[in-house]
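Chemist: Residue numbers (our numbering), protein chains in the order written: chain A, 1 to 220; chain B, 1001 to 1220. Pasting a structure below so you can have a look.
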DNA sequence: CTCCGCTAGATTGTATACAATCTTCTAATC
DNA sequence: GATTAGAAGATTGTATACAATCTAGCGGAG
């Protein structure tokens, strides 16, 4: 029997579970979300489930049409371009602020790099996603600007959906993790511009890899 | 008798009405939002009202604690600084993209300037807010990046709350509207950097006016 | 006087039930 | 055969009712 979880967190857990299912592609972009099915799957009634969908609608992960129901927000190639462009602007700001404060993320980044090497060898894509997300979450937090953290969190959710939809293990070469190390090295020396330069190239490469992959597969 | 509004839009109307009440300060930051009262006020039952609150929670306008209820998200002086910093980054990106496309907003901006002169004379603060919001919404749309538009929309909602909480008519001198004209002039010539320069000063002045006003009034 | 602990009232959380709407399938008409 | 009308089923929207939780006020112990 499962512990019936402290009621104070029941709703947040529901939202987190649903969000995670969307980010990891278990409910892929465009998927119809039928209330009764989801309620059953998550062990709640439709009332709290509907509230959770409204929350995710506010976060931009779900689209709800009156009397038609909820759908996981679709993703197009243009979304990929737009998201990366926006993400670069947000993350650059985060890096500049973090650099001003000489934030040092070298230790945790090095640990993640080691773990990433093992994950690459094991071709454990979900682990790589998590490590990547953790790194960029650290950078966001280092900005000391909660509104920026929130905005980056929303963007990163979208990026996660893109990755789970389109990424291959091949898109996570060692170089990615070297870039992370270069970024935190620049941060530790207070050189925000150097960090931004690495990030700019880093994101371009990610984006182009995804777009190339898209072009090779989809005709639309 | 009020027209019972097409059901397809009932929920969106409810959300819009609630959001507007929050943005205009009718429900000021920190205000407790009691479900039964709001449901009564907006002519719906608690079920759709709760969903609307969840939506606004996702948008960052409301904070909901389990079993304690909803509160209009509080605002601190640091929020003002953080929001303006974030807004500058987002709006700069929008200006650069708009400039690349040689978007011409001069006509509508000139019309708004004229209307603003009348509003200043009449000390019609809400009108000035609307005109300001409309201008920056136009700039956002000109970026042709829906994700950026959404992010800027969320930021602007917060800025509106700040303005309604702290702004005075004196903070809307003619110069503000001259800045808008200078920005669209630069845009029309494809000079994104010039537009960003004006915007940077524009936002600093706004922010500093608010902070000065805060320091003169509040001791916290 | 202060600090607990308790009860009554207020408020939030959600299950159930039903109304409203949409979707799909069938069948009749042209 | 294509098209439209209609009805049955599926699904969403919300009111009602009740359970769970919190809050405020009161009285007693220290």
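Glycine included, each C-beta is placed from N, C-alpha and C at the ideal position.
Report the CB separation of residue 131 of chain A from residue 1089 of chain B in whole angstroms; it is logged as a contact under 8 Å.
Modeler: Sequence index remark: in the first chain, residue 131 of chain A carries index 131 (1-based). Sequence index remark: in the second chain, residue 1089 of chain B carries index 89 (1-based). Incorrect: roughly 26 Å between the Cβ atoms, too far for contact.
Chemist: Can you find the residues in the same chain that come closer than 7 Å, C-beta to C-beta, to residue 1182 of chain B, ignoring five residues on each side of it along the sequence?
Modeler: The residue given as residue 1182 of chain B occupies position 182 in the second chain. So the qualifying residues of the chain are 1198.
Chemist: Please go through the stretch 38 to 110 of chain A and give each complete alpha helix (DSSP H) segment of 4 or more residues, from N-terminal end onward.
Modeler: Qualifying alpha helix (DSSP H) stretches, in chain order: 46 to 59 and 77 to 100.
Chemist: Name the residue from B:1042, B:1159, B:1204 and B:1202 whose alpha carbon lies nearest to the alpha carbon of residue 1076 of chain B.
Modeler: Position 76 of the second chain, counted from the start, is the residue given in the question as residue 1076 of chain B. Checked all of B:1042, B:1159, B:1204 and B:1202; the closest Cα to residue 1076 of chain B is B:1159.
Chemist: Name the residue from A:211, A:217, A:206 and A:216 whose alpha carbon lies nearest to the alpha carbon of residue 87 of chain A.
Modeler: As a first step, residue 87 of chain A must be located in the first chain, where it is residue number 87. The candidate whose alpha carbon is nearest that of residue 87 of chain A is A:206.
Chemist: So, at 8 Å on beta carbons, what are the nonlocal neighbours of residue 78 of chain A in its own chain, with the 5 sequence-adjacent residues on each side left out?
Modeler: As a first step, residue 78 of chain A must be located in the first chain, where it is residue number 78. Cβ within range, chain order: n/a, list empty.
Chemist: So who's on the other strand from residue 1032 of chain B, going by DSSP bridges?
Modeler: Taking the second chain and counting its residues from 1, one reaches residue 1032 of chain B at position 32. DSSP, once it has assigned bridges, lists B:1071 as partnering residue 1032 of chain B.
Chemist: Could you check if residue 145 of chain A is buried or exposed, using at least 16 other CB atoms within 10 Å of its CB as the buried criterion?
Modeler: Sequence index remark: in the first chain, residue 145 of chain A carries index 145 (1-based). It is buried - the Cβ of residue 145 of chain A has at least 16 other Cβ atoms within 10 Å.
Chemist: Would you be able to state if there are at least three C-beta pairs under 8 Å between the stretch 101 to 109 of chain A and the stretch 123 to 141 of chain A?
Modeler: Result yes; three or more Cβ-Cβ pairs closer than 8 Å.
Chemist: Just how far apart, CA to CA, sit residue 5 of chain A and residue 164 of chain A?
Modeler: Numbered from its first residue, the first chain carries residue 5 of chain A at position 5. Numbered from its first residue, the first chain carries residue 164 of chain A at position 164. For residue 5 of chain A, the predicted model reports a pLDDT of 49, less than 50, meaning its position is unreliable; a value from the coordinates is still stated below. Each residue's Cα considered, the two are about 29 Å apart.
Chemist: Just verifying my parser: in three-state terms, what is the DSSP assignment at residue 167 of chain A?
Modeler: Your numbering for residue 167 of chain A matches position 167 in the first chain. If DSSP states are grouped into helix, strand and coil, residue 167 of chain A belongs with coil.
Chemist: Along chain B, which residues have their Cβ under 7 Å away from the Cβ of residue 60 of chain A?
Modeler: The residue you call residue 60 of chain A lines up with position 60 of the first chain. Those are 1150, listed as they occur along chain B.
Chemist: Within the same chain, show all residues whose beta-carbon is closer than 6 Å to that of residue 1187 of chain B, passing over the 5 residues directly before and after it, in chain order.
Modeler: Here the question's residue 1187 of chain B lines up with position 187 in the second chain. These residues qualify, in order along the chain: 1098, 1099, 1103 and 1195.
Chemist: Quick check on residue 1051 of chain B: buried or exposed, where buried means 16 or more other Cβ atoms within 10 Å of its Cβ?
Modeler: Position 51 of the second chain, counted from the start, is the residue given in the question as residue 1051 of chain B. Answer is buried; the Cβ neighbour count reaches 16.
Chemist: Please give the ranges of any alpha helix (DSSP H) in the stretch 1118 to 1144 of chain B, keeping only runs that are unbroken, at least 4 residues long and fully inside the region.
Modeler: You should have 1125 to 1141.
Chemist: Between the stretch 52 to 66 of chain A and the stretch 1056 to 1070 of chain B, are three or more C-beta pairs nearer than 8 Å?
Modeler: Touching, yes, given that three or more Cβ pairs across the two stretches are closer than 8 Å.
Chemist: Between residue 1180 of chain B and chain A, is the shortest Cβ-Cβ distance under 8 Å, so that the two count as touching?
Modeler: Walking along the second chain from the start, residue 1180 of chain B turns up at place 180. So no, residue 1180 of chain B is outside the interface.
Chemist: Tell me which residues share the same chain as residue 45 of chain A and place their Cβ nearer than 7 Å to its Cβ, disregarding the 5 neighbours each side in the sequence.
Modeler: Against the first chain, residue 45 of chain A aligns to sequence position 45. If we look at residue 45 of chain A and ignore the five residues flanking it on each side, its Cβ neighbours are 39.
Chemist: Just reading off the alpha helix (DSSP H) that residue 192 of chain A is part of, what are its end residues?
Modeler: For the purposes of this step, residue 192 of chain A is identified with residue 192 of the first chain, where counting begins at 1. Where residue 192 of chain A is concerned, the enclosing alpha helix (DSSP H) stretches over 192 to 217.
Chemist: What does residue 1011 of chain B reach in chain A if we use C-beta pairs closer than 7 Å?
Modeler: The count along the second chain starts at 1 and reaches residue 1011 of chain B at position 11. Per Cβ cutoff of 7 Å: 66.
Chemist: May I ask which residues mark the beginning and end of the alpha helix (DSSP H) holding residue 1180 of chain B?
Modeler: For this step, residue 1180 of chain B is matched to residue 180 along the second chain. Residue 1180 of chain B -> alpha helix (DSSP H) spans 1174 to 1188.
Chemist: Tell me which same chain residues have a C-beta within less than 7 Å of the C-beta of residue 41 of chain A, skipping the five on either side of it?
Modeler: The residue you call residue 41 of chain A lines up with position 41 of the first chain. Closer than 7 Å at the Cβ level, and outside the excluded window around residue 41 of chain A, lies no residue.
Chemist: Residues of chain A with CB closer than 7 Å to the CB of residue 1050 of chain B, please, in chain order.
Modeler: Position 50 of the second chain, counted from the first residue, corresponds to residue 1050 of chain B. Within 7 Å Cβ-Cβ: 51.
Chemist: Whose CA, out of A:169, A:35, A:152 and A:174, lies closest to the CA of residue 68 of chain A?
Modeler: On the first chain, position 68 is the one that residue 68 of chain A refers to. Residue 68 of chain A has its Cα closest to that of A:35, out of A:169, A:35, A:152 and A:174.
Chemist: Can you find a CB in chain A that lies within less than 8 Å of the CB of residue 1089 of chain B?
Modeler: The residue labelled residue 1089 of chain B in the question sits at position 89 within the second chain. Residue 1089 of chain B counts as touching chain A.
Chemist: Can you list, in chain order, the residues of its chain whose CB lies under 6 Å from that of residue 213 of chain A, leaving out five sequence neighbours each side?
Modeler: On the first chain, residue 213 of chain A is found 213 positions in, with the first residue counted as 1. Cβ within range, chain order: 166.
Chemist: What does a CB cutoff of less than 6 Å around residue 1096 of chain B pick up in its chain, not counting 5 residues either side in sequence?
Modeler: For this step, residue 1096 of chain B is matched to residue 96 along the second chain. The answer, listed in chain order, is 1192.
Chemist: Could you check which residue in A:72, A:66, A:48 and A:54 has the C-alpha nearest to that of residue 161 of chain A?
Modeler: Position 161 of the first chain, counting from 1, holds the residue named residue 161 of chain A. Answer by Cα proximity: A:72.
Chemist: Residue 54 of chain A touches chain B at which residues, Cβ-Cβ below 8 Å?
Modeler: Sequence index remark: in the first chain, residue 54 of chain A carries index 54 (1-based). Ordered by position in chain B, the residues that pass the 8 Å Cβ test against residue 54 of chain A are 1051, 1052, 1054, 1055 and 1058.
Chemist: Please list, in chain order, the chain A residues whose beta carbon lies closer than 8 Å to that of residue 1082 of chain B.
Modeler: Taking the second chain and counting its residues from 1, one reaches residue 1082 of chain B at position 82. Per Cβ cutoff of 8 Å: 145, 146, 147 and 148.
Chemist: Mark residue 1169 of chain B as exposed unless 16 or more other C-beta atoms lie within 10 angstroms of its C-beta, in which case mark it buried.
Modeler: What you label residue 1169 of chain B is simply residue 169 of the second chain in a count that begins at 1. Answer is exposed; the Cβ neighbour count stays below 16.
Chemist: Using the Cβ count rule (16 or more neighbours within 10 Å means buried), how would you classify residue 1143 of chain B?
Modeler: Within the second chain, residue 1143 of chain B is the residue found at index 143, counting from 1. Buried.
Chemist: Below 9 Å on C-beta distance, what does residue 1095 of chain B contact in chain A?
Modeler: Numbered from 1 along the second chain, position 95 holds the residue referred to as residue 1095 of chain B. Within 9 Å Cβ-Cβ: nothing; residue 1095 of chain B doesn't reach chain A, min ~11 Å.
Chemist: Residue 174 of chain A to residue 32 of chain A, Cα distance in whole Å?
Modeler: Start at 1 with the first residue of the first chain, and residue 174 of chain A comes out as number 174. Start at 1 with the first residue of the first chain, and residue 32 of chain A comes out as number 32. When rounded, the distance between both Cα atoms is 37 Å.
Chemist: In the structure shown, what three-state DSSP assignment does residue 25 of chain A receive?
Modeler: The count along the first chain starts at 1 and reaches residue 25 of chain A at position 25. Residue 25 of chain A: coil per DSSP, three-state reduction.
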